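Visitor: Please find one structure pasted underneath; my questions will follow.
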Amino acid sequence: MHSYSPFAVSVHDLGTRDLAALRHVAEGWYVEYKRECPTPSASALAKSVSAFANTYGGWLFLGIAEESKERPVAGAFPGIHLDEADATMQRLRQAAADHLNPTPYFESKILFGPNEDLGLASDRAVICVKVPQSTTAPHVHKSGKIYRRVSDASEPRPEADRFVLDQLWRRGDNIKRQHKDWFDRDPEFSDYEKTCPYVRLMLVADPWSQRDPWIEADDDKIRAALAENSGVSAIPFDTVYTYSDGLIGRQLNGNDPANMALTWRLRKSLVSDVIVPLPIYRMETLDRLPLDLIGYEHADRYLRILRKYQTSSLRIVDLNFLPNILIGVAEIQERLCKLASWTEGYYLKVKLLNSWRTTPFVDTAHVLQRFEAHGLPMCLDATSAFPRGTGPDSYMQVSRHAEIESDAARVLVQGMFMFSPLALSYGIPMWLDYDDEGKVTPYHVALQEAGRRAMEVQRLRNLRLKK
5 MHSYSPFAVS VHDLGTRDLA ALRHVAEGWY VEYKRECPTP SASALAKSVS AFANTYGGWL
65 FLGIAEESKE RPVAGAFPGI HLDEADATMQ RLRQAAADHL NPTPYFESKI LFGPNEDLGL
125 ASDRAVICVK VPQSTTAPHV HKSGKIYRRV SDASEPRPEA DRFVLDQLWR RGDNIKRQHK
185 DWFDRDPEFS DYEKTCPYVR LMLVADPWSQ RDPWIEADDD KIRAALAENS GVSAIPFDTV
245 YTYSDGLIGR QLNGNDPANM ALTWRLRKSL VSDVIVPLPI YRMETLDRLP LDLIGYEHAD
305 RYLRILRKYQ TSSLRIVDLN FLPNILIGVA EIQERLCKLA SWTEGYYLKV KLLNSWRTTP
365 FVDTAHVLQR FEAHGLPMCL DATSAFPRGT GPDSYMQVSR HAEIESDAAR VLVQGMFMFS
425 PLALSYGIPM WLDYDDEGKV TPYHVALQEA GRRAMEVQRL RNLRLKK
């Protein structure tokens, strides 16, 4: 949902020089000028913000006066005194929180003088507020009224038309349908692939479509972000091509291109579908499994656990690759966010597909000790999703952890966060405490080491297949 802007840059990149464009922009549907901040209660500010959110979105400028009633473009830039600028911003946010339900999303920036061309003094500032059209409308004012922008009126007006109000209430229905359609649109599998488990990661920066994230970079830069072969846990996509909605990255080296390999389907609006195939061992007895697990440190221990049970059909899912792949997903997502100049977190939903009655294998002492103590877990659902639900408010938020200085540590934390719902689905620990003395290997380190062993196991298996 792209909203109106009188500027060629985003609100975060605005400078005082950009304000000159407002000399040709009149108040009306999308713009409102206020010479100064209203009364201390700031109820009028809340009205303006809600009216933009309830209509088509728009811009509120504090510290700009219109030229005249006959020509209501920006005529003067007296600004707000610097001593009052921060307090005015706080008053604006507080007014929206206290007077409006639900509180609409908006962005703001203070532009400090001086600017001689505008007549903005060095001790003055202009406050710019961008309010997107809201998909969570209507935003009801504390007075009980629902305000909207009306034509060329400079002030918001209460809406009484029942049809218009009904349209506001339904505004979020379309975005909810889009998310449900996306949730229901699992990959198309071949008959064989329908018997293989897959992880589906649904990543979205702006689930309510209010902020318009967009990757402005050309396709080659996006290809480079997907194909990068360095980092904490590189998962380079060797094949990247365009499709109707964006780009698709696939790992095809050494794989049959007709099969569902590791796949990243990207829309430039920072919406991604990542499909991760999970290795599975199918067998009627355990006779062959020791050969398949050559290279794993705890294979014998896992086999002893399996031999406690009598079974005529085993479906064992090798989860050892998964944590490192998820860390790699977090690394690529970081690169894509930077290409879109997206500085905040993103949202995640995880689906486990074709997983009916599969048993996990994780090559760490931490996990196998629990299997020995509490029994062998099994996924009893063919499909599971976390969090539950299909709407735009049903995702879990992934923090970008700006407070962590190390890039490697940030993506590690994000990757382990992605791993947690899959751990729940398979009855393995999401996280385990460890001592600071180094006597016990930290859980995340043990999982990463198991992932590296999985690569060696795969190499040995491929060598055996070639013989």
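Mind the numbering: the sequence shown is residues 5 to 471 in my numbering, read in order. Just so you know, even glycine gets a beta-carbon here, dropped at the ideal spot from N, CA and C. Note that the structure is a prediction, hence the values are computed from the model and not measured.
1) Who are the Cβ neighbours of Arg305 in its own chain at under 6 Å, not counting the five residues just before and after it?
2) Name the one or two DSSP bridge partners that Arg269 has.
3) DSSP state of Phe430, grouped into three classes?
4) Excluding the 5 residues flanking Met420 on each side, which residues of the same chain have their C-beta closer than 6 Å to its C-beta?
5) Do you know offhand how far Gly258's Cα is from Asp223's?
6) My guess is that Met93 and Ile131 are in contact by the Cβ rule of under 8 Å, so how many angstroms apart are they, rounded?
7) Let me know the secondary structure DSSP gives Ile68 once reduced to three states.
8) Within 8 Å, do at least three Cβ pairs link the region 459–470 to the region 426–440?
9) Sort out for me which residues DSSP pairs Asn466 with in a bridge.
10) What did DSSP end up calling Phe421 once you bin it into helix, strand or coil?
11) What residue range is occupied by the uninterrupted alpha helix (DSSP H) comprising Gly332?
12) With a CB to CB cut of under 7 Å and the five nearest residues on each side skipped, what residues in its chain are close to Pro162?
13) Using three-state DSSP, classify Val461 as helix, strand or coil.
14) Tell me whether Glu120 is buried or exposed, calling it buried when 16 or more other Cβ atoms sit within 10 Å of its Cβ.
15) Leaving out five residues before and five after Pro217 in sequence, what residues of the same chain have Cβ atoms less than 7 Å from its Cβ?
16) Assuming Gln214 and Pro136 form a contact by the criterion Cβ under 8 Å, report the distance between their Cβ atoms to the nearest whole angstrom.
17) Whole beta strand (DSSP E) runs in the region 35–104 with 3 or more residues, listed along the chain?
18) Do Tyr34 and Gly67 count as a contact pair if the criterion is CB distance below 9 Å?
19) Assuming Ser52 and Glu36 form a contact by the criterion Cβ under 8 Å, report the distance between their Cβ atoms to the nearest whole angstrom.
20) Considering only the alpha carbon of each residue, which of Leu282, Arg361, Arg311 and Pro281 lies closest to Pro294?
Guide: With the given structure in hand:
1) Leu372
2) Ile252 and Asp277
3) A quick correction: the sequence has Tyr, not Phe, at residue 430. Three-state DSSP puts Tyr430 in coil, outside helix and strand.
4) His448
5) 25 Å
6) 6 Å
7) coil
8) no
9) None; Asn466 has no bridge partner.
10) helix
11) Leu326 to Leu343
12) Lys149, Ile150 and Tyr151
13) helix
14) exposed
15) Ala209, Asp210, Ser273, Leu274, Ala344 and Trp346
16) 4 Å
17) 35–38, 61–66 and 78–80
18) no
19) 6 Å
20) Arg311
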